[in-house]
Amino acid sequence: MKKLSKKSILRSVVTVGAITATGTIATTAHADTQPTNQSSATRSAIVMSAQDQLNNLKQQQLQAESNLAKQNNADYAKSKNVIQPQINDLNAQLKKQKADQEAQDIQITQKFYQTKSNAANKQENQRYDNVVSAENTSYNQSVSTQNTANQASEDALAKQNDQALQEASKHVVTPAQKDALTKSATDQFNAGKQAAEQQFTDDTNKANDDHQTKLNELNTAKQNDVNNAQAKHKQAIATQQQANDQAIANAQHAYDNAVANAPKISDATKPAQPATSVNDLTDPQWADPEGLNDETKPYYPIVHVARWNNIENSWFKNPQAMTVSNKDQLPMDFKPGIILYDATNDHSAKIASTGLTEDQKRELNTLSNHWLNQVRHYFWDVLQIQKTNPNAKINGYYNGTRELTVKDFAPQAPIHDLFTPNEYWQQVGQGISRGREKYGTNYEHTTAEASNKFTLKDHNQTGWNNDSGDYSGVISLWGQWNSAHNDTALEGSLYDPETNGSKIESLATGENLYRINGSTMLEMEVSLYNKLQEMAYGEYQGQISNTDKTPLIGGHLANVLNPKFQFVTMAFQNATTDPTFKALPNTGANYYVMWDFAGIQDESVSENALKKGTAEGGKWVDISKTDTSIDEIDTVDSSETGHDLIDPNGEINTGIVDQIHAAQTDSNAKPNLNDPSVVSAKQNLDHVKSEAETKLSNVKNTNPLDQINADYAAKINAENDRYNDQMKQIKDQRDQNLAKLNEAYSNKIAQIKALPESTDQLKAQLDQKLTDLKNANAKKLADLKKEHEDKLQALAEEHQTKLNDIKANINKQVTDYKQQLADKHSKDNQGLVDQINALQSKLTSQKAQLDKQLVNLKAQHQTEYDAMAAKLAPKQAALKVVNGNTNHYEISNDKTIVLNPQKSSNVKHVTKETKQNKSTLMTREEYKRLPQTGSNNSLALVALGALSSMFGLSLASFNRKKVL
Numbered sequence: 001m002k003k004l005s006k007k008s009i010l011r012s013v014v015t016v017g018a019i020t021a022t023g024t025i026a027t028t029a030h031a032d033t034q035p036t037n038q039s040s041a042t043r044s045a046i047v048m049s050a051q052d053q054l055n056n057l058k059q060q061q062l063q064a065e066s067n068l069a070k071q072n073n074a075d076y077a078k079s080k081n082v083i084q085p086q087i088n089d090l091n092a093q094l095k096k097q098k099a100d101q102e103a104q105d106i107q108i109t110q111k112f113y114q115t116k117s118n119a120a121n122k123q124e125n126q127r128y129d130n131v132v133s134a135e136n137t138s139y140n141q142s143v144s145t146q147n148t149a150n151q152a153s154e155d156a157l158a159k160q161n162d163q164a165l166q167e168a169s170k171h172v173v174t175p176a177q178k179d180a181l182t183k184s185a186t187d188q189f190n191a192g193k194q195a196a197e198q199q200f201t202d203d204t205n206k207a208n209d210d211h212q213t214k215l216n217e218l219n220t221a222k223q224n225d226v227n228n229a230q231a232k233h234k235q236a237i238a239t240q241q242q243a244n245d246q247a248i249a250n251a252q253h254a255y256d257n258a259v260a261n262a263p264k265i266s267d268a269t270k271p272a273q274p275a276t277s278v279n280d281l282t283d284p285q286w287a288d289p290e291g292l293n294d295e296t297k298p299y300y301p302i303v304h305v306a307r308w309n310n311i312e313n314s315w316f317k318n319p320q321a322m323t324v325s326n327k328d329q330l331p332m333d334f335k336p337g338i339i340l341y342d343a344t345n346d347h348s349a350k351i352a353s354t355g356l357t358e359d360q361k362r363e364l365n366t367l368s369n370h371w372l373n374q375v376r377h378y379f380w381d382v383l384q385i386q387k388t389n390p391n392a393k394i395n396g397y398y399n400g401t402r403e404l405t406v407k408d409f410a411p412q413a414p415i416h417d418l419f420t421p422n423e424y425w426q427q428v429g430q431g432i433s434r435g436r437e438k439y440g441t442n443y444e445h446t447t448a449e450a451s452n453k454f455t456l457k458d459h460n461q462t463g464w465n466n467d468s469g470d471y472s473g474v475i476s477l478w479g480q481w482n483s484a485h486n487d488t489a490l491e492g493s494l495y496d497p498e499t500n501g502s503k504i505e506s507l508a509t510g511e512n513l514y515r516i517n518g519s520t521m522l523e524m525e526v527s528l529y530n531k532l533q534e535m536a537y538g539e540y541q542g543q544i545s546n547t548d549k550t551p552l553i554g555g556h557l558a559n560v561l562n563p564k565f566q567f568v569t570m571a572f573q574n575a576t577t578d579p580t581f582k583a584l585p586n587t588g589a590n591y592y593v594m595w596d597f598a599g600i601q602d603e604s605v606s607e608n609a610l611k612k613g614t615a616e617g618g619k620w621v622d623i624s625k626t627d628t629s630i631d632e633i634d635t636v637d638s639s640e641t642g643h644d645l646i647d648p649n650g651e652i653n654t655g656i657v658d659q660i661h662a663a664q665t666d667s668n669a670k671p672n673l674n675d676p677s678v679v680s681a682k683q684n685l686d687h688v689k690s691e692a693e694t695k696l697s698n699v700k701n702t703n704p705l706d707q708i709n710a711d712y713a714a715k716i717n718a719e720n721d722r723y724n725d726q727m728k729q730i731k732d733q734r735d736q737n738l739a740k741l742n743e744a745y746s747n748k749i750a751q752i753k754a755l756p757e758s759t760d761q762l763k764a765q766l767d768q769k770l771t772d773l774k775n776a777n778a779k780k781l782a783d784l785k786k787e788h789e790d791k792l793q794a795l796a797e798e799h800q801t802k803l804n805d806i807k808a809n810i811n812k813q814v815t816d817y818k819q820q821l822a823d824k825h826s827k828d829n830q831g832l833v834d835q836i837n838a839l840q841s842k843l844t845s846q847k848a849q850l851d852k853q854l855v856n857l858k859a860q861h862q863t864e865y866d867a868m869a870a871k872l873a874p875k876q877a878a879l880k881v882v883n884g885n886t887n888h889y890e891i892s893n894d895k896t897i898v899l900n901p902q903k904s905s906n907v908k909h910v911t912k913e914t915k916q917n918k919s920t921l922m923t924r925e926e927y928k929r930l931p932q933t934g935s936n937n938s939l940a941l942v943a944l945g946a947l948s949s950m951f952g953l954s955l956a957s958f959n960r961k962k963v964l
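Next comes the structure, spelled out in structure tokens:
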């Protein structure tokens, strides 16, 4: 859109001002306004019709659009008056040029056609004349040759006839001679007939004999085939039955296996499912209570959760699956992972204020041994760290100054299970427990260097020195005691020839130390489970520190895995006996637990020999519950109070592991016959049985004689057909022989009858022969003529076809030539066509440009119209009713707008005062005479001017440059 001139802007403002003087604009009264019958505080608005303003604006817009359309039409017509004559002149030139070209093309193509046609036709006519001439020559030559041959044959026959007449006596016979000749011919004919009949009889007899022989052979072969087929059929039935039996047996076996391996339907207790990964935690920090990940890279970081004294369910994403409510839910496979204790549903025995009982300690020791052995087998047999991580260091184990590796440490024989002999439990575990509690040892290993060292007594009640009171010394004393009191300790594989004693006297030792706690036995067992997880799997580390990248087997785990350890016992120290111990709230009874390991160096000794060699050997061991010493006596009264009776052939095993296994494995469980594997196997079994029955039935129902009979019938039919054919040939041969004899006889009789009986008859016969020859020669000439005429007809037809092909070919050449001329004329005429198209495009472009101006103007008018409508008629929902009048609404800045007023030249003042204030009515002329000093009316005029500047510009006319 082009810019408006100043003159246009002024004109548009005046126009709109005139229009809006009839509208309804409201504004706030000026401070010095004094309307009739109104107070100085009254606010009023001048009201005019918004619709009138919009109607007037629309009228002005339509007029401007009409003017522009008219101007556009005039401009286009002017341009068309200039350009159209040019287009007409060029079209005339193009039309004349095309007419001239068409006239020239007619002459050129006619000459082209005539030239091509004359040459081709001349050549074909010459060819045709040549072949016709050649055929005529050939025909004339053939006629001449045939005439010569005819004449020669006729002359020869005439000469022969003359010779025959001269010798007539040789060719003329009497009737008696004819009768003799006839009789001779008849005799020969009868003899021939008799010979033919005899030949027929001989051939028939031989054919019958051959046919019967063949039938006998076929019958014999059929009987052999029947015998063989029946034997094969019987064997096929037996073979199919055997195959069926095997298939059914296989399917039955598969079904039995599926049933045996199907999930059991039982009430067996389901063990808890430990959390096995840090991904099972709501926050990974719970697996790093002491910043372990800053210094180590554990293979199983989840087990480090056990370092917390109180493990919360909220730390885990699925705590329900991990929770243990009773001992039967304790996992027995002891794979890496953490479990949770269910305090709500725990009904196990509470830990007394005096601490764990002897039986409770033994139960914990039994569980511990089972779980430790699971660890040993997991690392050596399942993970096979001796192959997968052979260079990992073994913490605390040295060969001289070099720390051992897993390769050095690996078992040389199948790994033994750890167990706790009764005497080992009493003399080592319980002895260390009582000693540590008596002297209040701190949370440290049982060594001579430990704080609050204690003194143990040997069996002779002699005191130990302070520097020898450690776990290793206690274990050594047990080894010596065991060798002295167990005869089998010196027998077989336990005998040490180097010391002339028992291998148990020289033991390797080790000790692990951890804390466990709980208010009930179940909570103590869960604590033991998790602490053992940390003690074992927590020490299988990918690297020990940021500087030492070598994988490491920690010291606790190393003692558990040591293949040279066979014995272990738990020692329990109530943590409250340690004066430095500070118990955490809600942790129940707290214990320092020592695992004291021992073993002989020879891994080849069997577990059975070790258990036998560590049993008491028929002696009872008496251990006082009140005495801190370790005593050995030969006999004991089993009824005596205050003493424990130890099974001399047993070990510490309360049976809890077997009880848990039994609870988790229901021996009376029935297989789930609805398991998919069982259902599939049953379906297969039924299918195999059905298929076997069908196959056997098919074999039985297959009649092997059907095919044999069919083959036999076919062979019999073939033989019969052959025989019948042979008999027909014999009969036909006889009939042919007789026919020849009859024909020869008839001809002979005819010849005899034809023999001339006089010279006149002879001459007549000779003349007839010459006449027959001449007729045959004439036919030969006629055949030559017919053949000649057919050839000429074929040559004429061929000639006409070639002429037609020539004409069609030349017509095609003319068509192609015309197209070449048309293509050339199109190029020659393109200049004029381009000029015409350019002028036409110029007109079309100008028309589109003028139409676009009008479209743009209409769009702008609509935008301005919509804007004014929005200004003059805001949404009712945003307005405030003035004095209860729904036609009067207050808008921002104390302005009031009146909707749908009566069309009138009067201006209505609306106040915001009480209903007692009266409105003042004014005529248009009174309104025009109001002083312009800031009153309501003068402000209204200012508002009208503002509206003029906002919405009136669209009414200005364009200062357009006309386009041709």
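Heads up: the sequence shown begins at 1 in the numbering used here, then just goes up one per residue. No residue lacks a Cβ here, since even glycine has one placed at the ideal position from N, Cα and C.
Report the rounded CA-to-CA distance for residue i versus residue j, giving the unit in angstroms.
i	j	result
L741	K731	15 Å
P390	D408	8 Å
A258	K682	9 Å
K695	Q240	7 Å
Q123	Q114	14 Å
Q246	Y712	37 Å
L90	L803	47 Å
I338	L330	11 Å
R734	R722	18 Å
Are residue i and residue j closer than 8 Å when you measure CB to CB?
i	j	result
W854	N67	The sequence shown places Leu at residue 854, rather than the Trp named in the question. No, the Cβ-Cβ distance between L854 and N67 is not below 8 Å.
K363	I656	According to the sequence provided, residue 363 is Glu. The question's Lys does not apply to it. Yes, Cβ-Cβ distance for E363 and I656 is below 8 Å.
V593	I516	yes
N777	N205	no
Y540	P284	no
L839	D75	no
E135	H799	no
N672	A352	no
D280	F316	yes
Less than 8 Å between the CB atoms is what I'm expecting for residue i and residue j, so what's the real figure, rounded?
i	j	result
F567	A598	4 Å
Y970	E523	With the chain covering 1 to 964 only, the question about residue 970 has no answer from this structure.
T269	D328	4 Å
M322	Q664	With a Cβ gap of about 16 Å, M322 and Q664 do not count as contacting.
Buried or exposed: where does residue i fall if 16 or more other Cβ atoms within 10 Å of its Cβ makes it buried?
i	result
N465	Caution is warranted here: a pLDDT of 37 is assigned to N465, below 50, making its placement in the model unreliable, and the coordinate value is therefore given only provisionally. N465 is exposed by the Cβ-count criterion.
K700	exposed
D990	Beyond the ends of the chain as shown, which are 1 and 964, falls residue 990; an answer cannot be given.
K336	In the sequence under discussion, the amino acid at residue 336 is Pro, which differs from the Lys named in the question. Burial call: buried.
S527	buried
D760	exposed
S184	exposed
H253	exposed
R434	buried
K786	exposed
K78	exposed
G473	buried
S502	buried
H304	buried
Can you confirm whether residue i, when its beta carbon is compared against all beta carbons of chain C, has any partner nearer than 8 Å?
i	result
T276	Chain labels in this structure do not include chain C; a single protein chain is all it has.
Practice problem: Please specify which runs of the alpha helix (DSSP H), each continuous and at least 4 residues long, are wholly inside the stretch 77–158, giving them in chain order. | Solution: none
Quiz prompt | Minimum length 4: unbroken alpha helix (DSSP H) runs contained in the stretch 320–385 | solution = 358–377
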